[in-house]
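**Student:**
2 protein chains.
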Amino acid sequence: MPVQPNDCPVELVFALLSGKWKIPIYRKLYISTEPVRYGELQRHIPSITKKMLTEQLRELEADGIVDRNVYPETPPKVEYSLTARGRSMIAFLDRMSDWGEEHILPDKSVVQNVE
Amino acid sequence: MPVQPNDCPVELVFALLSGKWKIPIYRKLYISTEPVRYGELQRHIPSITKKMLTEQLRELEADGIVDRNVYPETPPKVEYSLTARGRSMIAFLDRMSDWGEEHILPDKSVVQNVE
DNA sequence: CTGTATCCATCGGGATACTG
DNA sequence: CAGTATCCCGATGGATACAG
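Residue numbers (the numbering used here), protein chains in the order written: chain Y, 463 to 577; chain R, 463 to 577.
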């Protein structure tokens, strides 16, 4: 659901991106220089159902993170892209990613516990 | 539940802090210079139940974010604190907070839409 | 092609009572 | 004081079929 009022900025931001598929969707939209079609998103995230893809996109849209453009053609064509606000999230997402790679993924390294 | 393997660092980090009460708990532990007792946490977050407080603390502990110290006294005394790893999350949490204050909370300002 | 509409299983989280 | 043990509900997300 769209975000509810709350006083903690961190919790608010978490709420914006909470949802099983929002990060993968965000990543795809961020990486693409061009707007991305519905079907393209679905192919990029094979395990997502149409219901969930639509739901998550609607929430991201309601929260001003994603832009939705409908082209009234036949067959229909709908394109999604990040809003400026959405793009600006990359600032802290990159920091999160850095932290994750440093503190979680290192287990994958052959060399462990090298303090 | 403790975090499951996954390839996206951002999703991994989200998983670490997903849980209705983890951010409030983190904040309290971060702010306190001294370790915090169980009852103190409960008083600081009045609406949390014992079950949830215990659950969330256990998960944070399993994920290496929180330290748990038991003093075998009577009555029992258990203290919680952030691990070094936990403390280091403040780096991206601060960036998230900044973004949240800039992009979500400004509605509270009297002056709006001043592009 | 881009969705909606139903129906349903699972699970996070809450209320309450009990315990070492 | 610091938890466990149960019981339970509502929301989240999945499967499938249908529609413009």
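Ideal Cβ positions, reconstructed from N, Cα and C, are used throughout, including at glycine. Computed from a predicted structure; not experimentally measured.
When we look at the beta-carbon of R:Ser509 and count the other beta-carbons within 10 Å, is it buried (16 or more) or exposed?
**Tutor:** Position 47 of the second sequence, counting from 1, holds the residue named residue 509 of chain R. Answer is exposed; the Cβ neighbour count stays below 16.
**Student:** Going along the segment 551-562 of chain R in order, which residues come within less than 7 angstroms of chain Y, judged by CB to CB distance?
**Tutor:** Cβ contacts with chain Y come from Met551, Ala553, Phe554, Leu555, Arg557, Met558, Ser559, Trp561 and Gly562.
**Student:** For the alpha helix (DSSP H) containing R:Glu420, name the first residue and the last one.
**Tutor:** With chain R covering only 463 through 577, there is no way to say anything about residue 420 of chain R.
**Student:** Y:Gly562 and R:Val528: beta carbons closer than 7 angstroms?
**Tutor:** Residue mapping note: residue 562 of chain Y aligns to position 100 of the first sequence, counting from 1. Residue mapping note: residue 528 of chain R aligns to position 66 of the second sequence, counting from 1. Contact flag unset, no.
**Student:** Classify R:Ser571 as buried or exposed, calling it buried when 16 or more other Cβ atoms lie within 10 Å of its own Cβ.
**Tutor:** As a position in the second sequence, residue 571 of chain R is number 109, starting the count at 1. Caution applies to R:Ser571, whose pLDDT of 48 falls short of 50 and renders its modelled position unreliable; the value that the coordinates give is listed next. R:Ser571 should be labelled exposed.
**Student:** By alpha-carbon positions, which one of Y:Ile507, Y:Val540, Y:Thr536 and Y:Tyr542 ends up nearest to Y:Trp483?
**Tutor:** The residue labelled residue 483 of chain Y in the question sits at position 21 within the first sequence. Measuring from the Cα of Y:Trp483, the nearest candidate turns out to be Y:Ile507.
**Student:** Alpha carbon to alpha carbon, how far is R:Val540 from Y:Ser494? Give it in angstroms, no decimals.
**Tutor:** Start at 1 with the first residue of the first sequence, and residue 494 of chain Y comes out as number 32. Start at 1 with the first residue of the second sequence, and residue 540 of chain R comes out as number 78. Taking the straight line joining both Cα atoms gives about 50 angstroms.
**Student:** Quick one: what does DSSP say Y:Ser480 is sitting in, helix, strand or coil?
**Tutor:** Numbered from its first residue, the first sequence carries residue 480 of chain Y at position 18. Correct three-state label for Y:Ser480: coil.
**Student:** To the nearest angstrom, how far is the alpha carbon of R:Gly501 from that of Y:Ile566?
**Tutor:** On the second sequence, residue 501 of chain R is found 39 positions in, with the first residue counted as 1. On the first sequence, residue 566 of chain Y is found 104 positions in, with the first residue counted as 1. Rounded to whole angstroms, R:Gly501 to Y:Ile566 spans 31 angstroms at the Cα level.
**Student:** State buried or exposed for R:Asp469, treating a residue as buried only when at least 16 other CB atoms are found within 10 Å of its CB.
**Tutor:** By 1-based counting over the second sequence, the position of residue 469 of chain R is 7. R:Asp469 is exposed by the Cβ-count criterion.
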